[in-house]
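A short worksheet on the structure shown next.
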Amino acid sequence: MHVVFPGSFDPPTYGHLNIIERCTAMFSRIDVVIADNKNKASLFSVDERFHILKEIVSVYENVRIFIWDSLIVKFLTKHNAHVLVRGVRSASDYEYEFMLAQLNRGLGKNKVETLFIPTDQKYFVLRSSVIKEIVMLGGDVSDKVPKVVVHALQKKFTTIRNGEGM
Ligand code: ADP
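Quick note on numbering: numbering that gives the first Met the number 0 labels position 112 of the sequence shown as 111, and the sequence is numbered without any gaps.
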């Protein structure tokens, strides 16, 4: 089965990677789609996120990375896919994801299904916003994100501190 895993991935964490890895064991093709949302401020540009994700998933033959700036249902139509995957960390995540699933089902003319994958307990507190906060305050996130992300975060915050902008 072909599934699509959309998100911001700003930056990718071991929580995201865990969902991707578990998908590779279940599905024949996984398209990871980075949302290029111009209305949402992000730390990393979509191109930076693309390169980071590409490096992280290079070990999996059936994972591909895309950038998409429109409705996710349009991506599904273009790629002839019908199934979205979303990771769920908590009851509040579920409430939000349940609403999104209904919306996407409607937008996809009842042909779009959303599969929820519960997070591994090791990663249930991981979210990209928290990672950024910890690094900004000088904390260590090496057990929370892949090495390539640690380096990218350090580089990004050094640039910001030196006033070179984002
Ligand atoms: P966030 O900013 O919430 O980390 P993203 O938009 O990048 O989120 O999330 C993309 C998808 O990955 C969503 O389905 C989200 O629930 C899931 N996800 C994010 N972090 C985790 C985690 N630690 N465990 C499982 N799923 C996660």
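Where a beta carbon is used, it is the ideal one built from N, C-alpha and C, also for glycine.
Closest by CA to residue i, which one among the options?
i, options, result
"G6", "D68, I133, F26 and V58", "D68"
"G86", "V129, V124, I130 and K131", "V124"
"G107", "R48, S128, F97 and A80", "A80"
"Q120", "G138, K143 and S57", "K143"
"I18", "I159, I116 and S141", "I116"
"K39", "S128, M98 and F156", "S128"
"L83", "Y59, K110, S91 and A90", "K110"
Across which residues does DSSP place residue i in a beta bridge pair?
i, result
"D30", "V3 and R63"
"R85", "F115"
What is the rounded straight-line gap between the Cα of residue i and the Cα of residue j?
i, j, result
"V56", "V62", "7 angstroms"
"D30", "G137", "33 angstroms"
"Q101", "E47", "31 angstroms"
"I133", "V148", "13 angstroms"
"K154", "F65", "24 angstroms"
I believe residue i touches residue j by the beta-carbon criterion, under 8 angstroms. Please report the beta-carbon distance rounded to the nearest angstrom.
i, j, result
"L75", "V140", "About 33 angstroms separates the two Cβ atoms, so there is no contact after all."
"L42", "K131", "6 angstroms"
"H1", "R28", "4 angstroms"
Determine the extent of the alpha helix (DSSP H) in which residue i is found, giving its start and end residues.
i, result
"S127", "S127 to M135"
"T12", "No alpha helix (DSSP H) holds T12; DSSP gives it neither H nor E."
"V149", "K146 to R160"
"G105", "A90 to L106"
Is residue i near ligand 3, going by C-beta to nearest heavy atom under 7 angstroms?
i, result
"N103", "Ligand 3 is absent from the structure shown, which contains only ligand 1."
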